[in-house]
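**Student:** Handing you a structure now.
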Amino acid sequence: MKRKMLSMLMALAMILSLLPVTALAADPTAKDGLPTASGTYFFANGTPITITAAAPEGEKVENFGTNFTATGTDAYISWDDNGTTKYVGVSSNTSVYGGADGRTEAVSVESTSITMTGGNVWNVFGGNYGEENANTNFCSVVKGDVNISLSGNAVVKNLLHGAGARNTCVNGTITMEFDGVDLSDPSSQLYVNGGSWGNGNEGTRNIADGAMETEAVANKVIITAKDSKFYLLGGGGSGSTKVRSSSVTLNNCELSYLYLGGINGEVVESSIVATGCTIADFSATNRGFVGTGNVDLNDCTITKLNTGAANGCFSSDSGGVDGSGVTGSCVWDIDADTTVEDAQLTPLVMKNNGSYTNTYENLTVQKAGDPLELKITDFVADEKNDTLTQRTFAVPEGSTLTLKGVNATVTADSTLTNVGTIDMDSTSSLTVASGATFGQLGTVNGTVDGKGTINDDYVARIGTTGYASLQDAVNAVSTTEPATITLLKDTAGAGVVVNGTVQRNLTFDLGGHTYTITSGVGSSGTETNGFQLIKDNNITFKNGTIAADPAEGQQVKILIQNYSNLTLENVTLDGTGMTDYTGLNYTLSNNNGEIILNTGTTIIPRADDEIAMDVCWAKYYQNGARVTVDEGATIQGNVELGLWDQDAYEGNQSVLTVNGGTITGDLIIGKQTSSDDELQQVVESLKTNITINGGSFGASVDQFIDSTDQAAAKVQSGDTHSYYTSMEAALAAAQQGDSITDLKATTTTYTLTLKYNDNATADSVYTVAENTEVPLPTPTRDGYRFQGWSDGTNTYNAGAVYRVTDTATLTAQWSVISSGTSYAITVESSDNGTVTASRTRANKGLTVTLTVKADEGYALDTLTVTGKNGNEIKLTDKGDGKYTFTMPASAVTVKASFAKDDAPVETGLPFTDVKAGDWFYEAVKYAYDNKLMDGTSSTTFAPLMTTNRAMIVTILWRLEGSPVVNYAMNFSDVESGVWYTEAVRWAAAEGIVKGYSDTVFAPDDTVTREQLATILYRYAGYKEYDVSAKGDLTTFADGSTVSTWAADGMTWAVGAQLITGKDGGKLDPTGTATRAEVATILMRFCENVAK
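For the sequence shown, my numbering gives the first residue as 8, with consecutive numbering after it.
Put into C-alpha cells, the structure is as follows:
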C-alpha cells in the first residue's frame, strides 16, 4: 500500500541523517511576486491563483519558456497581473505551490491562496518548497495565512499538503475547505494533510518526551469538508514536521483513512468533529504522534477504530527512539447514532533499540446509547514481521483510562497491566478473556471479571511488574541500573534484606502507605532488623511510613540497620512498636555510608528516652558513617555517636552534620567514661566529627561546636536550643522569654537581661559580643499599657535598638489601663475538675483567660460564664484547656461540670492521629470530606508532617477538578507520569505556581507559610475571586520579615483571615506549613474566599 511505502522511504531518510535543526541562518529572501515555473513545478510566489478545468475565456496565456515542461490541457492556472488575468495550461504531472521555491535558499512570502474548482494536477502545496537535503539549517516561511479551497470536479492525484513541502513553515493559519470533491481514487491514494510534506531531514523526534525538534512548523490548521470523499485525511504533516494546532470538521463525507495526526511528524493539539460520515479506518496516528486529541463522532459509520497508533505503524526502522500514538491525552466521544464495527484500544507505542512499550496515556472513550465493544488485543507493530506483534499493554503511573458506555475485553494471549487508574462508569466493564492476563497495580473503579488470570494481590511493583512482597521486589533487581520499588498499599510483612551481591541503586517509594514489619531479619542472637541494608548499595526511602509490630514469637530490635548510602525523603521511621532490647533499640542505626535526612523525614524511637538514631564507627567498616540532617527533618529522641568493637574515635570515620531540622533529644556519647575529665577528652576528640550549622536540639550541643562550624548564635527557649548562622538570624527568631547566646564572639561578651515584669514571662537573656545591637521587643499585658524598658536611669521605647556595651538589665515598665469600675470574677467550685481564672477582677473590655483541668478519667462537660441578669457570655476555645471571654460591664460567674470520659470521642475520620479535641480536627475533617486532602495512609493523616510544592499544586488541581491542559513544561525535575506531573503542568500554565527557574520546579521543596499565601493569592486571582482584603502586617512582631515577593499574598491572606499569628504574635512567614496548617488554611479559603 502506498502509505506504507512512503513511511518506509521517510524512515530510510531518517536513518541516513537524523540531525538536529539549528537556528535560522539568516532572514529568508522575500519572493512575493508573479508566478514562476520550471520543470514540472509551478510557484505562485504568494499571488492568489485559481485552478480550473477549462481555460479562462478571452484571457492572456503566459509563456514560461522551455524550462517549464508541464504545459498541457489537464488544468488551467490563472492569476491577476495588474488587472489582467493571465493563465497557463498544465498537464496532470504538475506540482502547484502557493508559495516560492526555497530549495537552495530560504524564502518567504506574505500569504498564499489556491482556489481549485476543476482540473487534474499531481500535487498541491499551500506554502513554499523548502530545503530537502540533510543538514537543514534554514526554513522557508509563509508569514501570514494559507488558504486552499477545492470544489466541483477538482482532482489532485498524489499529495495535498497545506503548509508546503520539506523544510517550510507557516506563521499564520492554514485553512483548507472541501466542498463536494472526490479525492478517494484508491489507485492514486491521495494524501490530504494540513502540515508540511517532509522527508525526515527537517528535524528530530523525541517521542519519549512528546516533542519534535524542528523548524518546519505550521502554526494552525483548520480543515472543513462537506459532501466529499477522501482516500486519506489528517491534520498533521509528514517526516519530521510539526503542526501546533489542528481542527478538522467533516460533514457527510466518506473516508478510507482518517487521522488526528498526519502521515508522520507531530501535532501538538488536534481535534476532529465528524457528522454523518462513513469511515473505513480511523486511528489517532499513522506513524507520528499527537500531544492532545479530541474526537467527536455523530451519526457516523466506522468499520475500524483504533484509539491510538494504527496497526502496522512500524513498517521500517528509523533508528533510536521512535513511536506513534497520543503522548498526552485523548478523548473519543461517540454518540448513540454512531456504529463501530471493530474497535481496538491501540496504544502509544514506543520502540527503543528494538524494545517496545505500549501504553494508554490519559485516554477517555465514551459512547452513548448501546455500549461500544472495545478490544485490547494483538497490536501489529510491523506488518512485515509477525514476531514484533505486541500483546503486552499498560496504563502507566499517573495516567487514567476512562471508559464510559464501553465493554472492554482483554483477549486471549494479551496482557493488560494497570499502574495508573482505570475509571469505568456503571455501564462499562472490563473482561479478562480466557488465556488473557490482567495485572492490577494501580486503582480500578468499576467491574473487572472474566475467565482469564486476574492478579490483584500485589504488595509492590517495579515499573509494570508486580510482586507479592517487598523482598521479592528487591531480589528482582539484579543490576546497577536505577530501580524504583513502589509500595501499593498499607502492608504488614517480613523484614527486608538488601544484600551486597549487586551494587543496587534502589528507591523505595512508599506511595503514602505504611509498611509494618512483623518479623525481623539478621542475626537474632544480637540484633534483629526490620530492614538490613548491606554495604555498597545506594538506597532511598520516600513518601510514607515504616513501622514495626512483631508477630507473636518474632522480634524487631532495630528498624533499619544501615551499611549503605542512604537517603530519606518525606518518610517516617516509627520505632514505637519495636521489641524492647534493654535500652539498646535503634530506629535507624548507621554503620557505614553517606546518609542524608531530607525534608519531611521523621525518626521516632521505641520510647521517649531511647536512641532514635546512631552514627557508629564499626571495626569492620573502617570508612564509617557520615550522616547529614537537613532542614525539615525531625529526630524525636537522642542521637548516639557510637563505637562497635572500637576503643576510641580516630579521625573523621563517623561524622554527624546538622544543617537544620530538629533533634528533640541529646547527642549521646556511645563510650563509657569513668570521669568528667575523660568525658571532656572524648567530647574534644569528637568536635571534628560533629558539625553544627543549624537546627534545634532538646539539650545544648555548645560543647561540640568549634571554629569550623557555621553555627554562630543560639536561641534557648525552655529546653529547646536552636542554632543559627548569624546573630541577626537568632535575634529575628527569638521569642519573648528566650535566651540568646553569641557562639562566635571575638571580643568581650556581656549579658543583657530583659525582665518582662508581668509575673508570667521568663526573662530574656542575651549573651553577646560588645557593641551588638539588640532590637527591643514590644511586650503586651492584659489591663496594662507598656511604657518602655528602663535600666533605672534611662527608658527605651519598644522597637528601639539597644547597643550592648556592658552587662545590663532592662525592666519593662507598665501603667494600669483605667477604664472606670472593675468587676468581680467568681469561679464556682466543681466536682471532678477545676477551673481557674487569670484574674479575680477586670475592667470592661479586658480579656480573661479560664484554664480548665479535668481529673483523671473525666472530661469537661459544660462551661458557662454568666453576667448581669443571667446573660451568657461568649467563650472562645483556645485549645489545651484554655478559654477566653471579654469582660462585660458587670460581675460574672463561671460554672463548669465534668463527666466521666468513658470512651474516645468519635471523629468520623479513619485517622488514628486526629482526635476530636485537636485544634486542627475541624479543618482536617473538612479537607478530607471535601476530597481536598487524603491521608498519608489509610489510618494516618500525619498532621505535623511538612508539605511540599508538589502536594500543594495537587490539592489545588483537585479543587479545580483535575483539568487537563496542553502546556509544554521545561522543568527537568518534574518527571513524566508521576502523581503530581499534570498538577504542576496546570499550575505552571495558569501562573499559579511558578518554577524557581525555567527548568527547575523543585516539587519536593517544603512549602513555607508565605509561599502558601502567595500560591492561594494567585489561585484566587485566577478564579477571579475577590482579593481586595488587606491585612496589616505591622501588627505582627515579624511582619517586616515577609519577603518582598510574598508581601501582596501575605497581606491578602491576613486580611481574608486565612492566616493568623502564632504564639508571640508572629506570622512566621518562612516557617514550614504542616499538613494540619494547610488543611486549616484551605478550609478558611473555601469558606471565606471561594464563597
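Ideal Cβ placement from N, Cα and C applies to all residues, glycine included. Remember, it's a predicted structure, so these values are computed and weren't measured experimentally.
Bridge partners of ILE341, per DSSP?
**Tutor:** LEU304 and LYS374
**Student:** With respect to the alpha helix (DSSP H) encompassing GLY1056, which residues constitute its N-terminal and C-terminal limits?
**Tutor:** 1054-1062
**Student:** Inspect the beta-carbon positions of THR779 and SER746 and report whether they are closer than 9 Å.
**Tutor:** no
**Student:** With 16 as the cutoff for other CB atoms within 10 Å, does MET12 come out buried or exposed?
**Tutor:** Model confidence at MET12 stands at a pLDDT of 40, short of 50, so the residue's coordinates are unreliable and nothing is read from them.
**Student:** Closer than 8 Å by C-beta to ALA61: which residues in its own chain qualify, once you throw out the five before and the five after it? Chain order, please.
**Tutor:** TYR83 and GLY125
**Student:** Does DSSP classify VAL28 as helix, strand or coil?
**Tutor:** Note that VAL28 scores a pLDDT of 35, beneath 50, so its modelled location is shaky; the value from the coordinates is reported in the next line. VAL28: coil per DSSP, three-state reduction.
**Student:** Can you name the residues that DSSP bridges to MET219?
**Tutor:** ARG212
**Student:** So, are the CB atoms of GLY187 and ASP216 less than 9 Å apart?
**Tutor:** no
**Student:** Looking only at its own chain, which residues have a Cβ that is under 8 Å from the Cβ of ASP713, when we skip the five neighbours before and after it?
**Tutor:** Cβ within range, chain order: LYS694 and THR695.
**Student:** Chain B beta carbons: is any one of them nearer than 9 Å to that of SER102?
**Tutor:** Protein chain content of the structure displayed is limited to a single chain, and chain B is not contained in it.
**Student:** Does the stretch 897-907 come into contact with the stretch 862-881, if we say contact requires no fewer than three beta-carbon pairs (one atom in each stretch) closer than 8 Å?
**Tutor:** yes
**Student:** Can you grab the Cα-Cα spacing for the pair ALA218 / ALA401, in whole Å?
**Tutor:** 21 Å
**Student:** How is TYR7 classed by DSSP in three states: helix, strand or coil?
**Tutor:** Beyond the ends of the chain as shown, which are 8 and 1098, falls residue 7; an answer cannot be given.
**Student:** Between ASN100 and the rest of its own chain, which residues show a CB-CB distance below 7 Å, the 5 nearest in sequence each way excluded?
**Tutor:** Setting aside the 5 residues that flank it on each side, ASN100 is surrounded in the same chain by THR47, ALA77 and TRP129, each with a C-beta closer than 7 Å to its C-beta; the list follows chain order.
**Student:** Within its chain, find whatever has a CB closer than 6 Å to the CB of ASP789; leave out the 5 residues flanking it on each side and keep chain order.
**Tutor:** LEU853 and THR854
**Student:** Could you check the C-alpha separation between LYS885 and PHE892 for me, to the nearest Å?
**Tutor:** 11 Å
**Student:** State the Cα-Cα distance for the pair VAL413 and GLU117, rounded to the nearest angstrom.
**Tutor:** 48 Å
**Student:** Roughly how far, in whole angstroms, is the beta-carbon of SER277 from the beta-carbon of THR353, given that I think they are within contact range, below 8 Å?
**Tutor:** Rounded, the Cβ-Cβ distance is 16 Å, inconsistent with contact.
**Student:** Once DSSP output is grouped into helix, strand and coil, what is the label at TRP993?
**Tutor:** helix
**Student:** So what's ASN512 in DSSP terms, helix, strand or just coil?
**Tutor:** strand
**Student:** Pull up the DSSP beta-bridge partners for GLN568, would you.
**Tutor:** GLN539 and SER596
**Student:** Should the stretch 725-738 be called in touch with the stretch 698-708, which here means at least 3 C-beta pairs below 8 Å?
**Tutor:** yes
**Student:** Let me check one thing: in DSSP terms, what residues is ASP108 bridge-paired to?
**Tutor:** DSSP, once it has assigned bridges, lists TYR136 as partnering ASP108.
**Student:** Helix, strand or coil: which one does DSSP assign to MET17?
**Tutor:** At MET17, the pLDDT of 40 sits below 50, so the modelled position is not reliable; the number obtained from the coordinates is stated separately. DSSP places MET17 in helix when its eight states are reduced to three.
**Student:** Based on Cα-Cα distance, which residue from SER822, GLN561 and TYR367 lies nearest to ILE383?
**Tutor:** Out of SER822, GLN561 and TYR367, TYR367 has the C-alpha closest to the C-alpha of ILE383.
**Student:** Cα separation between THR1087 and VAL255?
**Tutor:** 47 Å
**Student:** If you follow the beta strand (DSSP E) that GLY840 is in, where does it begin and where does it stop?
**Tutor:** 840-844
**Student:** Sorted by chain position, which residues of the same chain lie with C-beta nearer than 6 Å to GLU404's C-beta, five sequence neighbours on each side aside?
**Tutor:** VAL426, GLY427 and GLY984
**Student:** Could you check the C-alpha separation between CYS1093 and ALA807 for me, to the nearest Å?
**Tutor:** 41 Å
**Student:** Between which residues of its own chain and THR525 is the CB-CB distance below 7 Å, once the five residues before and five after are set aside?
**Tutor:** Here the set comprises ALA499, GLY500, ALA501, ASP556, PRO557, ALA558 and GLN561.
**Student:** Would you be able to state if there are at least three C-beta pairs under 8 Å between the stretch 968-977 and the stretch 994-1002?
**Tutor:** yes
**Student:** List in chain order: all unbroken beta strand (DSSP E) runs of 3+ residues lying wholly within the stretch 44-129.
**Tutor:** 48-50, 56-59, 78-88, 91-97, 102-104, 114-116 and 119-123
**Student:** Under the three-state reduction of DSSP, which class applies to THR1051: helix, strand or coil?
**Tutor:** helix
**Student:** To the nearest angstrom, report how far apart LEU650 and LEU575 are at their CA atoms.
**Tutor:** 23 Å
**Student:** With DSSP collapsed to three states, give me the class of ASP1.
**Tutor:** Residue 1 lies beyond the range of the chain shown here (8 to 1098); nothing can be said about it.
**Student:** Can you tell me which of the three DSSP states ASP868 falls into?
**Tutor:** Strand at ASP868.
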